[in-house]
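One gets this note's numbering by counting positions in the sequence shown from 1 and adding 298 to each.
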Amino acid sequence: MRNFSSTELANNTGDVLAAAAQEPVNIQRHGKARYVLLSVEQFERLSMRADQRRTIHVDDLGADEADDLIAQLEHSIIHD
Numbered sequence: 299m300r301n302f303s304s305t306e307l308a309n310n311t312g313d314v315l316a317a318a319a320q321e322p323v324n325i326q327r328h329g330k331a332r333y334v335l336l337s338v339e340q341f342e343r344l345s346m347r348a349d350q351r352r353t354i355h356v357d358d359l360g361a362d363e364a365d366d367l368i369a370q371l372e373h374s375i376i377h378d
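This is how it looks when you write it as structure tokens:
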């Protein structure tokens with residue numbers, strides 16, 4: 299995540315927005331992280347992901363669910 303000061307945001311808005319189009323950017327004020335700027339697409343992806351979370355104890359998973367979980371974890375390890 300790239301870092302920009304609030305002064306850089308004010309003086310170079312286009313550069314900060316261009317960076318935020320690629321990845322979330324951190325906006326710092328007085329040297330401390332204060333805000334994160336991200337694209338609508340990134341925000342929606344995060345929002346959708348949050349809505350899909352649920353908690354299940356591993357003992358409560360069926361065989362198909364356990365296989366699916368393992369496949370998703372393996373995919374994440376390989377591709378992320």
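Glycine is no exception: its CB is placed at the ideal position from the N, C-alpha and C atoms.
Here the structure is a predicted model, which means the values were calculated and not measured.
message: For F302, count the other beta carbons within 10 Å of its own beta carbon; 16 or more makes it buried, fewer makes it exposed. Which is it?
response: As a position in the sequence shown, residue 302 is number 4, starting the count at 1. By the 16-neighbour rule on beta-carbons within 10 angstroms, F302 is buried.
query: For the putative contact between Q340 and S304, defined by C-beta atoms under 8 Å, what is the C-beta separation to the nearest angstrom?
result: Stepping through the sequence shown from its first residue, residue 340 is reached at position 42. Stepping through the sequence shown from its first residue, residue 304 is reached at position 6. Between Q340 and S304 the beta-carbon gap is near 21 Å, outside 8 Å, which marks them as no contact.
field: Alpha-carbon spacing of H377 relative to L371, whole angstroms
entry: Counted from its first residue, the sequence shown places residue 377 at position 79. Counted from its first residue, the sequence shown places residue 371 at position 73. Rounded to the nearest whole angstrom, the CA to CA distance from H377 to L371 is 10 Å.
- prompt: Residue ranges of each beta strand (DSSP E) run of no fewer than 3 residues wholly in the region 316-356, ordered along the chain?
  reply: Secondary structure in the region 316-356: the beta strand (DSSP E) runs of 3 residues or longer, each lying completely within the stretch, are 323-327, 330-335 in chain order.
query: How long is the line joining the alpha carbons of N310 and T353, rounded to whole angstroms?
result: Locating residue 310 in the sequence shown gives position 12, counting from the first residue. Locating residue 353 in the sequence shown gives position 55, counting from the first residue. So the alpha carbons of these two residues sit roughly 43 Å apart.
task: Would you kindly check if the distance between the Cβ of L307 and the Cβ of P322 is under 8 Å?
output: Numbered from its first residue, the sequence shown carries residue 322 at position 24. Numbered from its first residue, the sequence shown carries residue 307 at position 9. Cβ atoms of P322 and L307: not closer than 8 Å.
message: Does V314 pass the burial test, meaning 16 or more other C-beta atoms within 10 Å, or should it be called exposed?
response: Here residue 314 is taken as the residue at index 16 of the sequence shown, counted from 1. Buried, by the Cβ-count rule.
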